[in-house]
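Scroll down for the structure; my scribbles are underneath it.
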Amino acid sequence: MGNTKVKYRQQVVKKTINKNVSKKKLLKENVDKDEKKKKMKISIRFKKPKTLIYARNPKCPRIVKSCHSKTLDKYGLIKYPLTSEKAMKKIEEINTLVFMCDKRANKKNIKKSVKNLFGIECDKVNVLNTLNGDKKAYVRLSGEHDALEVANKIGIL
Numbered sequence: 047m048g049n050t051k052v053k054y055r056q057q058v059v060k061k062t063i064n065k066n067v068s069k070k071k072l073l074k075e076n077v078d079k080d081e082k083k084k085k086m087k088i089s090i091r092f093k094k095p096k097t098l099i100y101a102r103n104p105k106c107p108r109i110v111k112s113c114h115s116k117t118l119d120k121y122g123l124i125k126y127p128l129t130s131e132k133a134m135k136k137i138e139e140i141n142t143l144v145f146m147c148d149k150r151a152n153k154k155n156i157k158k159s160v161k162n163l164f165g166i167e168c169d170k171v172n173v174l175n176t177l178n179g180d181k182k183a184y185v186r187l188s189g190e191h192d193a194l195e196v197a198n199k200i201g202i203l
């Protein structure tokens, strides 16, 4: 009988030891879980978490590249000379020619194309965007050239 009591006691001790160990494990796991859950709040404000953002993948392009890829050459840059009364007055008095140009033209391009098309040196180019969306170029000729002669040569007068 004594042996059975000893065995029984040993089993009880083992169970209690196992229970203690398991309790310690549980306590440790709980501590770990608490540590993972709690984070330091540095700022007062709550910030929304950043969500996944996909790159754009449109079904059709918004900008057609073929229209924008056209380069401006000397013939496409200057559309036509203006023949209004105001333009004629400028030709006679101020030695200035008036041209309608492409929207994308700038002063340097206009100056180069006038030189290439008509063989004229110009002192100054003023540009005006009209309400229609066109561009007017006032080309002031140098002292060597006369605007009336050039206008006759072009076919304005």
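Using this note's numbering, you'd call the opening residue of the sequence shown number 47 and step up by one each time. Note that beta-carbon positions come from the ideal geometry of N, C-alpha and C, so glycine has one too. These figures come from a predicted structure and were not determined experimentally.
First and last residue of the uninterrupted alpha helix (DSSP H) at residue i
i, result
"residue 156", "153 to 164"
"residue 199", "193 to 200"
Residue i vs residue j beta-carbon contact at 8 Å
i, j, result
"residue 190", "residue 167", "yes"
"residue 128", "residue 146", "yes"
Span of the beta strand (DSSP E) around residue i
i, result
"residue 182", "181 to 187"
"residue 146", "142 to 147"
"residue 170", "168 to 175"
Same chain only: Cβ atoms within 7 Å of residue i, ignoring 5 sequence neighbours per side
i, result
"residue 155", "118 and 123"
"residue 200", "127 and 164"
C-alpha distance - residue i paired with residue j, whole-angstrom precision
i, j, result
"residue 197", "residue 143", "8 Å"
"residue 86", "residue 98", "24 Å"
Beta-carbon contacts of residue i that lie in its chain and below 6 Å, excluding the five residues immediately before and after
i, result
"residue 169", "186 and 188"
- Item | In chain order, each alpha helix (DSSP H) run of at least 4 residues that lies wholly inside the region 94 to 126 | 111 to 114 and 120 to 123
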